[in-house]
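Colleague: Everything in the sequence shown is counted per the working numbering, starting at 99 for the first residue and increasing by one.
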Amino acid sequence: MDTTDTTDTVIVIGAGPAGLSTAAELLARDVPTTVLERGSELAATWAARYKGLRFNTSRRSSALPGAPFPREYGQFPTREQYLTYLQRYAADHRIPVETGVEVTGVRRIREGWALTTSAGERRARHVVIATGLFNRPRIPGWAREPGFDGEVLHSSAYRDAADFAGRSVVVVGAGSSGMEIAHQLATGGARAVRLAVRTPPNILLRELNGLPGDLPAPLLFHLPTALADRLVFAVQRRIVGDLSGYGLPRPTRGMMSRQKENGAGPAVVDREVIDAIRGGAIECVPAVTALDGDTVVLADGRHVTADAVILATGYDTGLPDLVAGLDVLDERGLPLDCTGGEVAPGLRFVGYVYRPGLTGYVGKIARRVAREIATRSAKEARRSRHTAAA
Numbered sequence: 099m100d101t102t103d104t105t106d107t108v109i110v111i112g113a114g115p116a117g118l119s120t121a122a123e124l125l126a127r128d129v130p131t132t133v134l135e136r137g138s139e140l141a142a143t144w145a146a147r148y149k150g151l152r153f154n155t156s157r158r159s160s161a162l163p164g165a166p167f168p169r170e171y172g173q174f175p176t177r178e179q180y181l182t183y184l185q186r187y188a189a190d191h192r193i194p195v196e197t198g199v200e201v202t203g204v205r206r207i208r209e210g211w212a213l214t215t216s217a218g219e220r221r222a223r224h225v226v227i228a229t230g231l232f233n234r235p236r237i238p239g240w241a242r243e244p245g246f247d248g249e250v251l252h253s254s255a256y257r258d259a260a261d262f263a264g265r266s267v268v269v270v271g272a273g274s275s276g277m278e279i280a281h282q283l284a285t286g287g288a289r290a291v292r293l294a295v296r297t298p299p300n301i302l303l304r305e306l307n308g309l310p311g312d313l314p315a316p317l318l319f320h321l322p323t324a325l326a327d328r329l330v331f332a333v334q335r336r337i338v339g340d341l342s343g344y345g346l347p348r349p350t351r352g353m354m355s356r357q358k359e360n361g362a363g364p365a366v367v368d369r370e371v372i373d374a375i376r377g378g379a380i381e382c383v384p385a386v387t388a389l390d391g392d393t394v395v396l397a398d399g400r401h402v403t404a405d406a407v408i409l410a411t412g413y414d415t416g417l418p419d420l421v422a423g424l425d426v427l428d429e430r431g432l433p434l435d436c437t438g439g440e441v442a443p444g445l446r447f448v449g450y451v452y453r454p455g456l457t458g459y460v461g462k463i464a465r466r467v468a469r470e471i472a473t474r475s476a477k478e479a480r481r482s483r484h485t486a487a488a
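Listed below in structure tokens is the structure:
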């Protein structure tokens with residue numbers, strides 16, 4: 099029989115915006131909470147992203163509750179500004195974060211939950227998993243095959259265009275990151291830049307006439323999906339135009355349909371990216387099917403020479419390994435409840451919702467989660483006192 103006492107009331111796994119905001123809300127309600135972070139610093143996933151990265155959503159829709167971004171950050175905070183923001187948020191709320199502690203397994207025990215970590219076993223009555231949607235790089239099978247003479251790396255390992263000056267590069271994936279990295283390379287000295295497109299993206303501009311492009315986003319989520327798709331298509335035709343003559347066909351599925359089906363958001367870019375495609379600085383080509391010697395094989399049978407391939411092919415959550423055997427995930431590998439509700443007694447997930455302005459949205463979820471856990475913890479404490487008195 100398991101007789102070890104639970105050492106924490108709540109353990110939050112992950113020190114990104116979802117984990118930090120959940121911890122802050124719990125601490126504000128006097129619920130003892132510890133955050134475990136596998137990286138060497140807060141928001142390690144963000145810290146590892148490429149230079150020049152900026153938010154796709156404006157600072158007003160991306161801030162955590164009660165913690166607005168400084169006005170001097172501009173409309174769209176950079177990676178460096180965001181890291182500073184989260185570090186200040188953690189300090190202001192006195193959040194205890196243990197860095198360098200990786201959680202590899204979660205299992206149910208009599209008094210709550212046991213966590214297998216790189217620093218030994220930890221136990222808690224309540225566990226909030228907030229490791230994020232973008233946790234593990236997704237690598238296509240063909241990219242793992244040997245025989246390519248050049249360099250292959252995931253976008254998570256890309257840092258700066260200067261590393262690719264004078265080289266021919268194929269960027270795989272036409273999402274926000276892929277298109278932005280391709281533009282950085284094209285303006286940063288790469289000899290040739292090709293953007294391999296498997297699924298034509300829904301393209302939106304980050305800013306339009308001085309206003310953030312995400313302003314209508316909340317309204318779109320409340321409209322019928324088909325109507326929202328039609329509205330976005332109309333905006334794309336007028337603002338972005340037809341890029342099919344440049345190797346970028348019109349999308350066959352609407353933005354909201356794809357968002358709700360598989361979490362595929364729009365490619366949010368600056369006008370300069372579109373200009374680079376129209377001007378030929380970025381050549382859009384079909385999807386990659388294989389690597390062969392010093393060439394990349396495309397879906398149309400062409401072989402194009404490349405010194406490097408950058409995989410902007412997305413991320414997986416890593417949740418199936420973390421919660422193996424608990425039956426708390428759906429067929430997509432996402433939590434049964436993505437809005438912070440309990441999926442098992444004392445176990446919750448925060449930050450697994452596909453939508454614009456995710457940082458601000460998860461902050462609102464964190465507040466509700468903390469309120470529910472605080473209420474449950476108070477009942478548990480009263481029950482324990484009653485049992486002890488009896």
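Ideal Cβ placement from N, Cα and C applies to all residues, glycine included.
For the beta strand (DSSP E) containing PHE331, list its first residue and its last residue.
Modeller: No beta strand (DSSP E) holds PHE331; the alpha helix (DSSP H) holding it covers 323 to 337.
Colleague: Return the CA-CA distance between GLY438 and ARG446, expressed in angstroms with no decimal places.
Modeller: About 6 Å.
Colleague: Quick one: Cα of THR350 to Cα of ALA294, how far?
Modeller: In a straight line, the C-alpha of THR350 is about 17 Å away from that of ALA294.
Colleague: Can you tell me which of the three DSSP states VAL55 falls into?
Modeller: The question about residue 55 has no answer, for the chain in this structure spans 99 to 488.
Colleague: For THR473 and ALA388, I'd like the C-alpha separation in whole angstroms.
Modeller: Approximately 55 Å, taken between the alpha carbons.
Colleague: My output table needs one value for ILE471: the three-state DSSP class, helix, strand or coil.
Modeller: Helix at ILE471.
Colleague: With distances taken between CB atoms, is the gap from ALA385 to ARG296 smaller than 8 Å?
Modeller: Closer than 8 Å, so yes.
Colleague: Please look up how many angstroms separate the CB atoms of GLU278 and VAL371, rounded, as I've assumed it's under 8 Å.
Modeller: Their Cβ separation, rounded to whole angstroms, is 7 Å, which keeps GLU278 and VAL371 in contact under 8 Å.
Colleague: On the CB-based measure, 16 or more other CB atoms within 10 Å of its CB, does THR403 come out buried or exposed?
Modeller: Exposed is the call here.
Colleague: How should LEU434 be labelled, buried or exposed, when 16 other C-beta atoms within 10 angstroms of its C-beta is the threshold for buried?
Modeller: Under this definition LEU434 is an exposed residue.
Colleague: Is the CB-CB distance between LEU181 and TRP211 below 8 Å?
Modeller: Cβ atoms of LEU181 and TRP211: not closer than 8 Å.
Colleague: Compute the distance between the beta-carbons of SER160 and THR415, then report whether it is under 8 Å.
Modeller: Not a contact, by the Cβ cut-off of 8 Å.
Colleague: Can you name the start and end residues of the alpha helix (DSSP H) that SER160 belongs to?
Modeller: Start and end: 157 to 160.
Colleague: What runs of the alpha helix (DSSP H), each 4 residues or longer, lie entirely inside the segment 350 to 434?
Modeller: Listed in chain order, they are 353 to 360, 369 to 377 and 417 to 420.
Colleague: By DSSP, does HIS224 sit in helix, in strand, or in coil?
Modeller: In this structure, HIS224 counts as strand in the three-state DSSP scheme.
Colleague: Look at the Cβ atom of THR131, then the Cβ atom of ALA116, and state whether they are nearer than 8 Å.
Modeller: No, the pair does not count as a contact, with Cβ atoms beyond the cut-off.
Colleague: Let me make sure I understand the geometry here. Which of ASP373, SER355, ILE301 and ASN307 has the alpha-carbon closest to that of GLN282?
Modeller: Of the listed residues, the one whose Cα sits closest to GLN282 is ASP373.
Colleague: According to DSSP, is VAL460 helix, strand or coil?
Modeller: Three-state DSSP puts VAL460 in a helix.
Colleague: Can you tell me whether HIS252 is helix, strand or coil according to DSSP?
Modeller: Three-state result, HIS252: strand.
Colleague: Let me know the beta strand (DSSP E) ranges lying completely inside the segment 176 to 200, each 3 residues or longer, listed in chain order.
Modeller: The segment 176 to 200 contains these whole beta strand (DSSP E) runs: 195 to 197.
Colleague: Per the DSSP calculation, ARG446 is bridged to which residue(s)?
Modeller: VAL226, per the DSSP bridge assignment.
Colleague: How many angstroms separate the CA atom of PRO310 from the CA atom of LEU417?
Modeller: So the two alpha carbons sit approximately 33 Å from each other.
Colleague: Span of the alpha helix (DSSP H) holding GLY122?
Modeller: Just to set this straight, residue 122 is Ala in the shown sequence, not Gly. 115 to 126 is the extent of the alpha helix (DSSP H) around ALA122.
Colleague: Between ALA113 and PHE153, what straight-line distance do the alpha-carbon atoms span, to the nearest angstrom?
Modeller: Near 18 Å, if we compare the C-alpha coordinates of PHE153 and ALA113.
Colleague: Does DSSP put ALA280 in a helix, in a strand, or in coil?
Modeller: Three-state result, ALA280: helix.
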